[in-house]
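If you're matching them up, the sequences are chains A and B in order.
Counting in the working numbering, the first sequence runs from 6 upward without gaps.
Counting in the working numbering, the second sequence runs from 6 upward without gaps.
Number of protein chains: 2
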Amino acid sequence: MFAEILREIVDGTAGGVGAVLMGYDGIAIEQYFKPCDGVDLQMVAVEYSNVVKEIKRTVDILNTGAMEEVAIKTGRFYVIIRALTEEYFIALTLQRDGNFGKGRYLLLRDAQKLVAALS
Amino acid sequence: MFAEILREIVDGTAGGVGAVLMGYDGIAIEQYFKPCDGVDLQMVAVEYSNVVKEIKRTVDILNTGAMEEVAIKTGRFYVIIRALTEEYFIALTLQRDGNFGKGRYLLLRDAQKLVAALS
C-alpha cells in the first residue's frame, strides 16, 4: 500500500529519483528508489531526517504554526518534504531538471491518503 | 547598503515581514523587520540559523552539490533562505498569503549584489 503510493509519486514526477515515508526518528516505514549514480539515496533520506527533526523542533519553539512543507535545492537535487503526522513525514528527491511543481503537487495530493493509512 | 537591499526585498514582496543577512554562526550582519503580532522575528531568524547550519552540514556530507535555497512553509509563515557564500546566507520571512514567488525572485535577483558586497 505505502510502496505503491511512493512508486506512483516518484514515477509520476519527471526527474523523480526516490521517495521515503519516514519517522522523525530516522526510521523508514517504506521507500522506493531508482538507481542513481554516485549518490546513496538511502543515506540522503536518513541524513535529511535529522534536518527535518531540527526544523520541526524550531517551528514548535517559535509558535509560527505547524511545519507543513520544506523544499531544499542543492547543486544536483531538489528534496521536497511534507509533514504528515506528529511522527511521520514523506520526502521526495528529484533531479534538478525535474518537475518540482508536479512532485510537490503529488505529495500534497496523496498526503491525506497516507495520513489515513498511518492512523 | 545591506539595509537598503533588505528593505527593498521585504517591501517589494507582498506579505513580506522581515529579512536578515546572517552568518551560519547565527550572528546577523544586517536585518530589517516590520512589526509582527505575537512573533519575535529576531528570534525566528536566530533559530533558523541553526536549521540552515544543519542543512548545510548535511548537504556537504552527502556530496549532492552545494546548498542553494531552502523554503519552509509553516501554518503562519513562509521562510525562504538563499545561500550566498561559505559563511553567509539571507533569509526572508513572509505571511502565508504573501507572494512567495516574488520573494524568491527578489532574493535570487539581489544575491549577486550581496555576494559582491560581502567579499
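Where a beta carbon is used, it is the ideal one built from N, C-alpha and C, also for glycine.
Since the structure is predicted, the reported quantities are computational estimates derived from the model, not experimental observations.
Three-state secondary structure assigned by DSSP to residue 127 (chain A):
An answer regarding residue 127 (chain A) cannot be provided, because it is not within the stretch 6 to 124 covered by chain A.
Have a look at residue 102 (chain B) and residue 20 (chain B) and give me their C-alpha separation to the nearest angstrom. 7 Å
Can you check DSSP and say which residues form a bridge with residue 97 (chain A)?
A:24 and A:85
With a cut-off of 9 Å, does the C-beta of residue 73 (chain A) fall near any C-beta of chain B? yes
| Whose Cβ in chain B lies nearer than 8 Å to the Cβ of residue 63 (chain A)? | 52, 53, 55 and 56
Go to residue 63 (chain A), then tell me how far its alpha helix (DSSP H) extends in each direction, as first and last residue.
46–67
| task | Taking C-beta pairs closer than 8 Å, name the residues in chain B that residue 7 (chain A) reaches, listed in chain order. | result | Per Cβ cutoff of 8 Å: no residues; residue 7 (chain A) is ~24 Å from chain B at best.
Report task. Kindly list, in the order they appear in chain A, the residues whose Cβ is closer than 8 Å to that of residue 3 (chain B). Result -> Here chain B has residues from 6 to 124 only, and residue 3 (chain B) is not among them.
Using a threshold of 9 Å, state whether the C-beta atoms of residue 96 (chain A) and residue 27 (chain A) are closer than that. yes
So which residues of chain A does residue 27 (chain B) contact, with C-beta pairs closer than 9 Å? Chain A residues near residue 27 (chain B): none, gap ~14 Å exceeds 9 Å.
Original post:
Considering only the beta carbon of each residue, do residue 118 (chain A) and residue 10 (chain A) sit closer than 9 Å?
Top reply: yes
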